[in-house]
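Engineer: Sharing a structure below in structure tokens format, with a few things to ask.
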Amino acid sequence: MFEKLRALFQSEEPLPPEHQKRVDKLQRITEVPVENPHIYIRALRHRSTLADENYSPTDSYERLEFLGDAVLDLIVTEIIFDLFPKEEEGFLTKLRAKLVKGDTLAEFARELELNELLLLADRAHGQGIENSKSVLSDVFEALVGALYLDAGYRSASEFVRSVIEQYINFDTITNTLDNYKSLLLEFAQANKMEIPTYRVVKEKGPGHDKTFEIEVFVDNQPISTGIGKSKKKAEQQAARKALQILKK
Numbered sequence: 001m002f003e004k005l006r007a008l009f010q011s012e013e014p015l016p017p018e019h020q021k022r023v024d025k026l027q028r029i030t031e032v033p034v035e036n037p038h039i040y041i042r043a044l045r046h047r048s049t050l051a052d053e054n055y056s057p058t059d060s061y062e063r064l065e066f067l068g069d070a071v072l073d074l075i076v077t078e079i080i081f082d083l084f085p086k087e088e089e090g091f092l093t094k095l096r097a098k099l100v101k102g103d104t105l106a107e108f109a110r111e112l113e114l115n116e117l118l119l120l121a122d123r124a125h126g127q128g129i130e131n132s133k134s135v136l137s138d139v140f141e142a143l144v145g146a147l148y149l150d151a152g153y154r155s156a157s158e159f160v161r162s163v164i165e166q167y168i169n170f171d172t173i174t175n176t177l178d179n180y181k182s183l184l185l186e187f188a189q190a191n192k193m194e195i196p197t198y199r200v201v202k203e204k205g206p207g208h209d210k211t212f213e214i215e216v217f218v219d220n221q222p223i224s225t226g227i228g229k230s231k232k233k234a235e236q237q238a239a240r241k242a243l244q245i246l247k248k
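This is how it looks when you write it as structure tokens:
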């Protein structure tokens, strides 16, 4: 199966010099020897180029992105499975989702300067496509797919591991997995909303056994309330409910 997939990208035609420069830079980024440069050019080709250069609908990075998405999921799963041997499935699932989400992959692509290598049609330049989070995350996945086809799973895994080791702080990221206030803040920022604020609506009970009711506001609008034995717990509950409401 692997050889059949790889054969689909084989070509005897030499690359144009400007394309070869891109492949050379990718090789320096990944530190993986390139066997078939055409795979990597396809991993960089945005669909805007297809009509101008008479490519087929499957000649953009999208098929490689589809493959790379699956390969990346397995690699990340192996990494966190080994790093956190005492954690349960729920923790691992949340952590994997955090590592393979679009924002994280787009940041990887930006740090690796993949945006500078993206192949766009002339009419598409200046539209911000090369800085789009969705495009950058797709290109990163396409690169993983290209590495898998050209150099094999081990090389793709070593590349992903090196990127994660360089750009991910696991202490920071694991501390936010169940921090709904942080998750709500991230959601608000990603959707260009104002920073969430919290207000005590009610508190009752004696000083040693108080219960707090707290309301959270997003864009100056009340979204939900939470109740807890401390303000922190009430805020977390309010934030969790707010996320459920805003994501509907």
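So for the sequence shown, the UniProt record's numbering puts the first residue at 1; every next one is plus one. Here a beta-carbon is modelled for each residue, glycine too, at the ideal position from N, C-alpha and C.
1. Checking the sheet assignment: what are the DSSP bridge partners for residue 197?
2. Could you tell me the distance, in whole angstroms, from the CA atom of residue 247 to the CA atom of residue 241?
3. Is the distance from the Cβ of residue 167 to the Cβ of residue 111 below 8 Å?
4. With a cut-off of 8 Å on the beta carbons, I'd call residue 243 and residue 149 a contact; round off their distance for me.
5. So, using beta-carbon positions, are residue 64 and residue 42 closer together than 8 Å?
6. Output needed for residue 33: all residues of its chain with C-beta closer than 8 Å, excluding positions within five of it in sequence on either side, in chain order.
7. I'd like the list of long-range same chain contacts for residue 140, defined as Cβ closer than 7 Å, with 5 residues on each side in sequence excluded.
8. Name the DSSP bridge partner or partners of residue 227?
9. Please work out which residues of its chain come closer than 6 Å, Cβ to Cβ, to residue 197, disregarding the five sequence neighbours upstream and downstream, and give them in chain order.
10. Please return the same chain residues whose Cβ sits closer than 8 Å to the Cβ of residue 51, not counting the five positions on each side in sequence.
11. Could you spell out where the alpha helix (DSSP H) holding residue 108 opens and where it closes?
12. Counting only runs that start and end within the region 80–165, where is the beta strand (DSSP E) found for 3 or more residues in a row?
13. When you compare only the Cα positions, how much space is there between residue 228 and residue 221?
14. In whole angstroms, give me the CA-to-CA distance for residue 21 and residue 40.
15. Could you give the C-beta distance for residue 15 and residue 94, rounded to a whole number, given that I count them as a contact under 8 Å?
16. Strictly by DSSP, which residues pair up with residue 222?
17. Touching or not, the region 66–73 and the region 129–145, by the rule of three or more beta carbon pairs under 8 Å?
Structural biologist: Per the coordinate set shown:
1. Bridge partners of residue 197 according to DSSP: 217.
2. 10 Å
3. yes
4. In fact, because the Cβ distance is near 38 Å, the residues do not count as touching under 8 Å.
5. At the C-beta level, residue 64 and residue 42 come within 8 Å of one another.
6. 27 and 151
7. 105, 108, 109 and 114
8. Residue 227 is bridged to 213.
9. 217
10. If we look at residue 51 and ignore the five residues flanking it on each side, its Cβ neighbours are 121.
11. According to the DSSP assignment, residue 108 belongs to the alpha helix (DSSP H) that extends over 102–111.
12. none
13. 22 Å
14. Distance between the alpha carbons of residue 21 and residue 40: 11 Å.
15. That belief does not hold up - the Cβ atoms of residue 15 and residue 94 are roughly 42 Å apart, past 8 Å.
16. 217
17. yes
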